[in-house]
Amino acid sequence: MKKILFLVLVFLCEPTFADSLLSNLVVEIGPEETLVLERIEGASIKIDGYLDEDAWSHLTAYDEFVVIDPDTLADGVHATRVRIFYDKTGLYFGIDMEQPAETIISRLSGRDKRDLNRDSINVTLDTSGEGRYGYWFGLNLGDSLMDGTLLPEKNFSSEWDGAWRGASQLTSHGWSGEIYIPWGSVAMPSVDEHRRLGLYMSRKVAYVDERYGWPALPQTKPKFISELQSLRVSGVNPKQQFSIYPFTAVTQDRVDDQVRYKTGADFFWRPSSNFQLTATVNPDFGAVESDEVVVNLSATETFFPEKRLFFLEGQGIFVTSPRADTRGSGVGHGGTPTTMVNTRRIGGRPLEPLTGSDITIHERELRQPVDLIGAVKVTGQSGRLRYGLLAAFEDDFKIDARRSGDPFHLATETSDYGIARVLLEDAPGGSYKAIGVMTTATL
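Next up, the structure:
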């Protein structure tokens with residue numbers, strides 16, 4: 016009888032013990048509180064989606080998520096426990112998400128496919144620490160990644176692809192994810208010791224089409240990047256990076272029965288977190304994703320997005336972003352970003368030469384892109400001043416034409432491009448003010 020009574024008491028006490036253990040792991044964050052992240056060197060985290068390393072078990076977890084879509088701001092039905100730490104190389108996120116197994120939705124896709132209804136976890140970082148610019152990272156269940164840049168107040172772009180890692184796994188009570196963001200993959204101002212970051216995280220619960228967020232920043236709220244959760248890290252100064260990527264390409268043209276060879280190199284130099292120089296010599300963009308087919312019956316030219324990595328890196332400095340939606344009816348959305356430089360014209364189609372009636376040019380010749388001799392780009396920040404410089408040089412271009420039926424090569428004009436952008440920003444009292452200027456030249 017005593018043994019039976021003892022077993023009953025143990026059974027009754029077990030939930031209480033589990034609840035107390037959970038309360039010790041999850042802590043609440045006060046309003047306006049800055050999270051001082053823990054620094055752990057040598058944690059040896061394997062980004063596989065499993066939170067089985069010792070570092071995760073010793074860290075404080077945060078579950079401040081509320082329902083932001085629809086914007087009820089009620090507590091999420093399913094727990095979302097987040098653990099964060101950093102080391103000299105980057106920032107680590109471990110996310111443990113509860114959810115019934117039969118409700119989990121996983122869909123595999125290419126990168127940056129944001130329009131699919133599936134379970135995901137997203138991280139947004141204000142790396143300026145003052146609401147001036149940032150980056151966002153998305154990990155979908157099934158390991159499809161999404162990323163891009165952020166400008167005030169909530170202008171998201173998917174054109175940037177960063178060198179970060181993420182992985183997800185199903186668990187006995189839902190699913191989990193790990194995200195690693197190297198310091199060297201994002202732009203940050205130079206600081207002496209303590210660095211301030213802004214953090215926002217959201218979780219998509221696909222089976223009920225809800226989104227949880229931390230902090231509570233629904234779409235109906237006009238401010239976003241200036242009201243992220245404040246984080247503090249110390250002693251983060253990414254080391255100098257220098258890389259060279261040489262390549263050789265061979266192209267066989269079966270129409271003209273020609274074989275072409277090309278050799279070039281890409282250069283990357285980042286001596287500090289607030290300065291970056293990229294250059295390319297004799298570049299080859301043959302591996303770039305093709306444009307979508309667009310049937311345009313209007314008199315307005317179709318503008319395609321930039322997909323060449325050289326021109327995408329650091330492109331945010333060449334974009335201006337209105338704070339308010341003055342051109343649409345969307346409530347709580349920022350103004351439409353204005354891309355002041357259309358880099359697709361660099362290395363685009365050649366100019367059609369002026370010719371006499373005896374010269375004929377096939378339409379195919381005028382649709383070929385012009386090769387670049389090289390290009391160089393510098394982006395950086397000094398105090399409140401951000402700047403960007405871009406120069407590109409097109410190679411000579413010859414068109415296969417016919418004069419009175421006889422074939423010959425016709426030289427056409429190419430261009431050299433120069434762009435300079437300077438932006439002075441300030442964020443007094445949490446507000447954002449900026450003034451900028453841009454100048455361009457085509458030779």
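Under the working numbering, the first residue of the sequence shown is numbered 16, with each subsequent residue one higher.
Heads up, the beta-carbon is just placed ideally off N, CA and C, and yes, glycines get one too.
- The region 220-234 makes no contact with the region 249-259: fewer than 3 CB pairs, one atom from each, lie closer than 8 Å.
- Contact check for Thr293 against Glu328 passes: the beta carbons are separated by less than 8 Å.
- Distance between Arg96 and Gly189, taken at the CA atoms: about 12 Å.
- In this chain, Phe100 is not harboured by any alpha helix (DSSP H); it is covered by the beta strand (DSSP E) spanning 95-101.
- Check the Cα spacing between Leu212 and each of Pro197, Gly146, Leu154, Phe319: the tightest is with Gly146.
- With respect to the C-alpha of Ala442, the residue from His377, Ile240, Val265, Phe108 having the closest C-alpha is Ile240.
- Between the alpha carbons of Ser59 and Tyr195 lies a distance of about 12 Å.
- Counting only runs of 3+ residues, the beta strand (DSSP E) found wholly inside the region 392-444 occupies 400-409, 412-418, 421-427, 431-441, in chain order.
- Rounded to whole angstroms, the separation of the alpha carbons of Ser419 and Leu324 is 43 Å.
- Across the set His209, Thr358, Arg379, Lys236, the C-alpha of Arg379 shows the shortest separation from the C-alpha of Val270.
- Rounded to the nearest whole angstrom, the C-alpha separation of Ile83 and Ile99 is 22 Å.
- The beta-bridge partner set that DSSP reports for Pro261 consists of Ala280.
- Pairing Phe412 with Thr429 gives a Cβ-Cβ distance under 8 Å.
- Between Gly363 and Val385, the C-beta spacing is below 8 Å.
- A direct Cα-Cα distance of roughly 42 Å separates Ile414 from Val201.
- With a cutoff of 8 Å on beta-carbon distance, Gly403 and Thr164 are scored as not near each other.
- The Cβ atoms of Ser173 and Asn155 lie no closer than 8 Å to each other.
- Asp207 is the residue among Leu160, Pro286, Asp207 whose C-alpha sits nearest the C-alpha of Gly398.
- A direct Cα-Cα distance of roughly 22 Å separates Lys169 from Trp179.
- For the pair Asp431 and Ala406, the Cα-to-Cα distance works out to about 8 Å.
- Note: Arg54 is bridge-paired with Tyr101 in the DSSP secondary-structure output.
- The beta carbon of Leu74 sits closer than 7 Å to the beta carbons of Glu53, Arg98, Phe100 from its chain, once the five residues preceding and following it are set aside; these are given in chain order.
- The three-state reading of DSSP puts Ala294 in strand, counting E and B together.
- Gly279 is not a Cβ neighbour of Asn252, given a cutoff of 8 Å.
- Excluding sequence positions up to five before and after Gln255, its CB lies within less than 6 Å of the CB of Pro286, all in the same chain and listed in chain order.
- DSSP assignment within the region 66-97 yields the following whole beta strand (DSSP E) runs of 3 residues or more, N-terminal first: 81-84.
- Per the C-alpha coordinates, the member of Phe283, Phe108, Arg126 positioned closest to Lys322 is Arg126.
- Taking a C-beta distance under 8 Å as the contact criterion, Tyr65 and Gln184 qualify as a contact pair.
- Per the Cβ contact rule, the region 87-96 is in contact with the region 110-120 (3 or more Cβ pairs under 8 Å).
- In the structure shown, Glu193 falls within a strand segment according to DSSP collapsed to helix, strand and coil.
- In the three-state reduction of the DSSP assignment, Tyr222 falls in the helix class.
- About 5 Å separates the Cβ atoms of Asp306 and Phe319, confirming a contact at the 8 Å cut-off.
- Leu160 sits close to Gly153, with the two beta carbons spaced by under 8 Å.
- Between Phe80 and Arg218, the gap from beta carbon to beta carbon is short of 8 Å.
- Closest by C-alpha distance to Leu458, out of Val310, Tyr447, Glu409, Asp421, is Glu409.
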